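A short write-up of the structure that comes next.
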Ligand code: SF4
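Residue numbers (the numbering used here): 422 to 758.
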C-alpha cells in the first residue's frame, strides 16, 4: 500500500487554522521580503514592529499584491516608522476602557451588554487597532477569571447580551469557547451572543466543524460582527466561511474603520458594501479612527468623512449604507457624526 506523502497529506481540519495561526509571519523583514518591498520600507517596519509586533497569516498574505506598498491590505498590517511619532491627542487607551472593568477581562460600558475578553491573541495585528496597547497580560482570560465575570453577569439582570471580543475571541480554542458559551446560556437573562472577530476573514477555515458545533447548539441568538475594511479582503474562502456561519443561524454584520490609504474614497467604500452584501454580510458601522498612539497616519478628518459618506449615499441603496460613528469615552452609545 502506498504511504501518504507527509508533504501533501491534508492536515486534520481541526489543526488547519491552528497551524496557520501558529505559522503567521512575525518578522517584519520576512514580511517585506515576501512582498518584494525594498530596503526603504525595512527600517520603518522594524521600528513599528518594536512598538506592536507584526503578525500576518499566510491566508491573508496571499491577498496582498506583491511589490505594491500602497496595497490596501498591506497598509493595514505593515508596521511603519510613523508609528513612533508622538501625536497630540493620541493615547494608549483612547476609549478609557480601564475605567469600565468591573472584573478582569470584563468591560461593562453600555447598558444591557457586557464585553468579555475571550482571547488575548489575534490572528493578524492591525496597525490601527485601538487595543494595540491593551494590557492583555492583566486581562488574559482564564476559567477562574471567567467565573468572576460570569458572576457579575449573573447578578445583573439588566444584561441581555454577551459580547466576546479580544484580541480575537475566535483565537481561543473551541473547547474554551464551548465552555464559556454553555455557562452564558445557563444565565436566563442572557438572550444574545455577539462575537467581534476578524478570524473568518484572515483565516477563513477557522469556521470549521468544531466551531459550528457549539455555535449551532446554543439557544442564544448569534450575531457575528466581522471587521472588514476593503473588498479585497473578501475572497471565495471568506464567502464560504460566511455561508457556513449563516447556515448555523448566525446573523452577519460588518463594521469597518475609515482608514487613510485603505478605504478613504467613496468608490472603494461602495464596492466594499456591495461585496459584503454578496457574501451575506450587512454593512453596519463605519467608524472613524479611535485616536490610539501609533495610528495617527490613518486618520481621516471629520469633514472628509462626512463628505465620503454623502458620496456613498449617492451610490448605494439605504440598506447598504454603514452608519458613520465615533466612540466617545463616557457616552452611552456610539456617537453619529
Ligand atoms: S483586536 Fe481586531 S483590530 Fe485589533 S489587532 Fe486584533 S483583529 Fe486587528
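Yeah, the Cβ is synthetic: ideal placement off N, Cα and C, and Gly gets one too.
This structure is a prediction, so every number in the text was calculated from the model and none was measured.
Does the Cβ-Cβ distance between residue i and residue j come in under 8 Å?
i           : j           : result
residue 589 : residue 633 : no
residue 693 : residue 648 : no
residue 592 : residue 544 : yes
residue 502 : residue 464 : yes
residue 450 : residue 466 : yes
residue 569 : residue 525 : yes
residue 538 : residue 587 : yes
residue 462 : residue 487 : no
residue 667 : residue 701 : yes
residue 614 : residue 641 : yes
residue 585 : residue 748 : no
residue 703 : residue 671 : no
Grab me the residues of residue i's own chain with a C-beta within less than 7 Å of its C-beta, minus the 5 sequence neighbours each way, in chain order.
i           : result
residue 736 : 687 and 691
residue 485 : 456, 492, 494 and 495
residue 441 : 478, 479, 480 and 624
residue 654 : 484, 494 and 622
residue 530 : 521
What did DSSP end up calling residue i once you bin it into helix, strand or coil?
i           : result
residue 644 : strand
residue 637 : helix
residue 439 : helix
residue 544 : coil
residue 456 : coil
residue 758 : coil
residue 611 : coil
residue 600 : helix
residue 587 : strand
residue 470 : helix
residue 578 : coil
residue 554 : coil
residue 573 : helix
Cutting at 8 Å between CB atoms, please list the residues of its own chain near residue i, excluding the five before and the five after it.
i           : result
residue 532 : 579 and 753
residue 446 : 452, 455, 475, 476, 477, 478, 479 and 482
residue 746 : 706, 707, 708, 709, 755, 756, 757 and 758
residue 728 : none
residue 658 : 480, 625 and 626
residue 512 : 712, 713 and 714
With a threshold of 6 Å on Cβ separation, who are the neighbours of residue i within its own chain once the five nearest residues in sequence on each side are excluded?
i           : result
residue 550 : none
residue 716 : 549
residue 719 : 549, 680, 681 and 710
residue 677 : 650 and 707
residue 744 : 706
residue 730 : 745
residue 437 : 626
residue 547 : 497
residue 617 : 586 and 646
residue 468 : 502 and 505
Does ligand 1 have a heavy atom nearer than 7 Å to the CB of residue i?
i           : result
residue 547 : yes
residue 663 : no
residue 648 : yes
residue 469 : no
residue 588 : yes
residue 619 : yes
residue 453 : no
residue 552 : yes
Note down, one range per segment and in chain order, each alpha helix (DSSP H) of at least 4 residues found wholly within the stretch 676-756. With a minimum length of 4 residues, the continuous alpha helix (DSSP H) runs that stay inside the stretch 676-756 are 687-699 and 723-736.
Unbroken beta strand (DSSP E) runs of length 3 or more, entirely within the stretch 475-540: which are they? As far as the stretch 475-540 is concerned, its whole beta strand (DSSP E) runs of at least 3 residues are 534-540.
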